[in-house]
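Chains as they are written, first to last, in the numbering used here: chain F, 1 to 171; chain E, 172 to 342; chain S, 343 to 513; chain L, 514 to 684; chain P, 685 to 855; chain C, 856 to 1026.
Don't be surprised by glycine CBs; every beta carbon is placed ideally from N, CA and C.
6 protein chains.
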Amino acid sequence: MERAIYIGRFQPFHCGHEKIIKTIAEETDEVVIGIGSAQKSHTTRDPFTAGERIEMVLKALENFPIRHYIIPIQDVEYNALWVSHVRSMSPKFDVAYSNNPLVIQLFTEAGIEVRRPAMHERDIYSGAAVRKSMIEGDTGEWRRFVPPAVADVIEQVEGVCRIKRVSGNDE
Amino acid sequence: MERAIYIGRFQPFHCGHEKIIKTIAEETDEVVIGIGSAQKSHTTRDPFTAGERIEMVLKALENFPIRHYIIPIQDVEYNALWVSHVRSMSPKFDVAYSNNPLVIQLFTEAGIEVRRPAMHERDIYSGAAVRKSMIEGDTGEWRRFVPPAVADVIEQVEGVCRIKRVSGNDE
Amino acid sequence: MERAIYIGRFQPFHCGHEKIIKTIAEETDEVVIGIGSAQKSHTTRDPFTAGERIEMVLKALENFPIRHYIIPIQDVEYNALWVSHVRSMSPKFDVAYSNNPLVIQLFTEAGIEVRRPAMHERDIYSGAAVRKSMIEGDTGEWRRFVPPAVADVIEQVEGVCRIKRVSGNDE
Amino acid sequence: MERAIYIGRFQPFHCGHEKIIKTIAEETDEVVIGIGSAQKSHTTRDPFTAGERIEMVLKALENFPIRHYIIPIQDVEYNALWVSHVRSMSPKFDVAYSNNPLVIQLFTEAGIEVRRPAMHERDIYSGAAVRKSMIEGDTGEWRRFVPPAVADVIEQVEGVCRIKRVSGNDE
Amino acid sequence: MERAIYIGRFQPFHCGHEKIIKTIAEETDEVVIGIGSAQKSHTTRDPFTAGERIEMVLKALENFPIRHYIIPIQDVEYNALWVSHVRSMSPKFDVAYSNNPLVIQLFTEAGIEVRRPAMHERDIYSGAAVRKSMIEGDTGEWRRFVPPAVADVIEQVEGVCRIKRVSGNDE
Amino acid sequence: MERAIYIGRFQPFHCGHEKIIKTIAEETDEVVIGIGSAQKSHTTRDPFTAGERIEMVLKALENFPIRHYIIPIQDVEYNALWVSHVRSMSPKFDVAYSNNPLVIQLFTEAGIEVRRPAMHERDIYSGAAVRKSMIEGDTGEWRRFVPPAVADVIEQVEGVCRIKRVSGNDE
């Protein structure tokens, strides 16, 4: 039995994340999904609370073909402590999936194997692009980039209105 | 659909917790289980990390007749912020279960309904009693108070040795 | 023009505090009243929020014969920083009034003059005694120890019920 | 009786703030003035300590036709906690005045009414403009934008020299 | 070349510490001396600042027959992060010396070898005993338990007066 | 006997720092070298841990003609507390050396004398330039700007690889 960890900010959880988790599901047995920067919310870059992001991931992965655990991970301001922090908050894991250079470096220095998942259409499937579309668009085009269940969560919390407002673009 | 939250330190998760969650399962549809004081570990009162406690709860509730989410909740030093903190970290909930006077007061002041689960044989099924038995006992009697899956997790992390040592009782 | 600072936790503001401020009013021109441990609330020892304590002091000192400023002062965990912290949060002051040994030592090491106000009937007029009376008493005797305006604030926030509950005495 | 809260960084308190408080005085009975980012000082953007800013506001509003309370409010790094933090530090309030998009969003989500005061000549009466004038100007033109009492406080603490130096423009 | 780490609070540095470092000097090549709880001072249990304790150790170990480095180590509130914290603050080390059960447990779980130095006359040579003697004694008997250079530092900072006062025993 | 303090981030320690300390050695008797932002590491701007930087300074100053103490200094987020923080962490000092405008302002406001060391070829001997050379260069030209002992430390910790990776330039 091999258990992986995959950490992202998921602001919001989009189809690129979904594809990566599908890949992980093919390569390993269980996956811990870490909601990074869990304490952040209500900013242009981090609009959603950890709780809202947990709901997104939960619903998007419902009936997904891999056992998964979802845990919020608050930042520690201190990179040298980050791996110990993740380890103490998470069920044990054997391998990490990441394309983030800092995460790769920190796990590698700590002796943890890191695999880099292929990224599909990174320019489209990126949190930044989805947030930009929410802030600037009026047509709801952002829905195309997220699983339907995620779009539902965003609507329930009036997320588009929130990100428009905190980005100052609602004036 | 009603979703409850039930927060405990689960140091460790014991049969009293299990009974309470069974009660909750009868009264509501889904339950968020919050691992309180998530940042604490390696002390006499808080021997296990959040990750270890998540594993305990996961395994103890496997095949349990209620949909449940397990989330670590770090302390905020500031009681006036605690309810907002829990809300931001958790999927939305409708009602809280607790017998902790402070938790009851804080949720009540915030306008959240609190239900008090009946506690069974509180003197036996208490975290303090289990930890005392781990520290002082040599016969493994503590196993009687926790679900078998929890005992397995404790053994894997050599938890009895750890609590004995950090309590200074191993000299 | 001489301005003093007088720092207390004011949990709650009682007649002993009032007497001390009367003394200060006779000896100096203006007084900054610092609400110490401002971030604490909802515990047996610190039941009231900073905002509630500000209201107590405001109302108790209404029409008081000295110009006064009320500022909340959050703790810094670090004694060596405390004087700089107070100085940065407060309008400038020339002298401090205190009977707290740590406060006296810290201000003195920083070269700030400290005066020790006489304390009247310290066993009666102490925050601990008032809180004990709130928790244990049923007759509202605690009202005798606080200015009437303070009793009003405590009632508005249902403070007796709160302290009874968080002290665990409500079971 | 209606009490409002109005929160700003007041780096420094300028005539635009004064006008807004005049408006608030016409519309409500009492106002809590929150000194935001209270812990910050000695930077180009936040040159003055909370204590210095309290003195500015105190003196500028002396004899002002509305009862006002001035309280420093330290940042919480965590937007989801901010409203609870403000509430715990402040006397109770009924309505908030703000033109800050984040503040509006956070208060609104918490169910607190927000009113947007008209802003007068925003390009002139802005903290950024006043600070720029202090750093770059030699003629003391910045005085035109602040109440005379505020200019006095800034001079007493040698504020222009400080902001010039920390902005690195004094080389 | 083998480098050890030895961490203590050194409140104050006493002859027992000196003996232990002598032992370490016989067994290894270099030693990092970590000043634990570096951020604490001005309490009965932690009277001296990190800077003062560094001066004590520096002077006591002057001309000591082992190369040593002295570094202050602030607490992290979080035991699971402590080893990573120490490692990031210290020059690399190969082995730790400690008799503290928690330190032993944490280093051991992290795979670091721990050696337990023999303790000499632990009842006499303990920080608690020295502090008690400072607080209660009038004869300066505490000097017998610390190296002469340490007594000098304590006198320069008027340490006995400070600990008497903050312990409330000076009334 | 005069003791100076000289604080830098030393990311990494380079020949410009070495020249400044030579100057200090000519003008004073002892020097405390403070490793600023000690808690930071693994970023483009702050690649090295405090422990690694201590090793750099230790080795670079071995046999240097001035007694020196090396202490890590973690940031306090709060400028108004910074001087008290440094004082509590450091052995007593009489004078500070700095060319940093904020440091100069803070020490000056606290009544501490500040001397500005001449800087030699600042465009070459700057941490930013050395880091840029590490990230972009392939020829090891960065070695020219640091003492040989520092280059050794950087190699031992595979520092060039680390900074390349965390800067995202390794893709």
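Against chain P, the CB of residue 211 (chain E) has a partner CB under 9 Å away; the residue lies at that interface. Spatial neighbours of residue 181 (chain E) in its own chain (CB-CB distance under 7 Å, excluding positions within 5 residues in sequence) are listed in chain order as 188, 206, 224, 227 and 228. Cβ-Cβ distances below 8 Å link residue 817 (chain P) to 825, 826 and 829 in the same chain, with the five nearest sequence neighbours on each side left out; the list follows chain order. Counting only residues of its own chain and dropping the five nearest sequence neighbours on each side, residue 609 (chain L) has a CB closer than 6 Å to the CB of 518, 620, 625 and 627.
Not flagged as an interface residue toward chain P: residue 167 (chain F), since no C-beta distance is shorter than 9 Å. Bounds of the beta strand (DSSP E) holding residue 239 (chain E) are 238-243.
In this structure residue 765 (chain P) touches residue 81 (chain F) by the C-beta definition: roughly 5 Å separates them, less than 8 Å.
Classified as buried, residue 722 (chain P) has 16 or more neighbouring CB atoms from the shown chains inside 10 Å of its CB.
The region 147-160 of chain F makes no contact with the region 238-255 of chain E, as fewer than three CB pairs between them are under 8 Å. Spanning the alpha carbons of residue 240 (chain E) and residue 275 (chain E) requires a straight line of approximately 21 Å. A Cβ-Cβ distance of about 5 Å is found for the pair residue 392 (chain S) and residue 602 (chain L), placing them in contact under the 8 Å criterion.
In its chain, beyond the 5 residues on either side, 869, 870, 871 and 1000 have a beta carbon closer than 7 Å to the beta carbon of residue 980 (chain C).
Sequence-ordered contacts of the region 122-144 of chain F with chain L are nonexistent [C-beta pairs closer than 8 Å].
Listed along the chain, the chain L residues whose CB falls inside 8 Å of the CB of residue 251 (chain E) are 597, 598, 600 and 601.
Here the alpha carbons of residue 338 (chain E) and residue 215 (chain E) stand approximately 5 Å from one another.
When rounded, the separation of the alpha-carbon atoms in residue 805 (chain P) and residue 769 (chain P) is 32 Å. In summary, the residues of the region 272-293 of chain E whose CB is separated from some CB of chain S by less than 9 Å are 272, 273, 275, 276, 277, 279 and 280, in the order they occur in the chain. The C-beta distance from residue 202 (chain E) to residue 242 (chain E) rounds to 11 Å, too long to fall under 8 Å, and the pair is not in contact. Distance check between residue 972 (chain C) and each of C:896, C:949, C:881 and C:1018 places C:881 closest, using alpha-carbon atoms only. Between residue 47 (chain F) and residue 159 (chain F), the CB-CB gap stays under 9 Å.
Shown in chain order are the members of the region 561-574 of chain L whose Cβ falls below 7 Å from a Cβ of chain C: 562. For residue 925 (chain C), the closest Cβ of chain P is nearer than 9 Å. A straight line joining the alpha-carbon of residue 21 (chain F) with that of residue 136 (chain F) spans about 29 Å. Against chain E, the CB of residue 589 (chain L) has a partner CB under 9 Å away; the residue lies at that interface. Here the alpha carbon of residue 847 (chain P) sits roughly 10 Å from the alpha carbon of residue 725 (chain P). Judged by DSSP in its simplified three-state form, residue 45 (chain F) adopts coil rather than helix or strand. When L:670, L:520 and L:668 are compared, the shortest CA-CA separation from residue 586 (chain L) is found for L:520.
For residue 473 (chain S), the enclosing alpha helix (DSSP H) has its first and last residue at 469-478. For a cut-off of 8 Å, the C-beta gap from residue 174 (chain E) to residue 199 (chain E) is around 7 Å, short enough to register as a contact.
In this structure residue 867 (chain C) is buried. Its beta-carbon is surrounded by 16 or more other beta-carbon atoms within 10 angstroms.
With respect to chain F, the C-beta atom of residue 864 (chain C) has no partner C-beta closer than 9 Å.
Excluding sequence positions up to five before and after residue 749 (chain P), its CB lies within less than 6 Å of the CB of 709, all in the same chain and listed in chain order. For residue 433 (chain S), the C-beta contacts it makes with chain L under 9 Å involve 564, 565, 567, 568 and 571, in order along the chain. Listed in chain order, the non-local C-beta contacts of residue 572 (chain L) below 6 Å within the same chain comprise 662, local neighbours out to five positions each way being set aside. Secondary structure within the region 175-203 of chain E: the alpha helix (DSSP H) runs of 4 or more consecutive residues, fully enclosed, are 186-198 (chain order). According to the DSSP assignment, residue 846 (chain P) belongs to no beta strand (DSSP E) but to the alpha helix (DSSP H) extending over 843-850.
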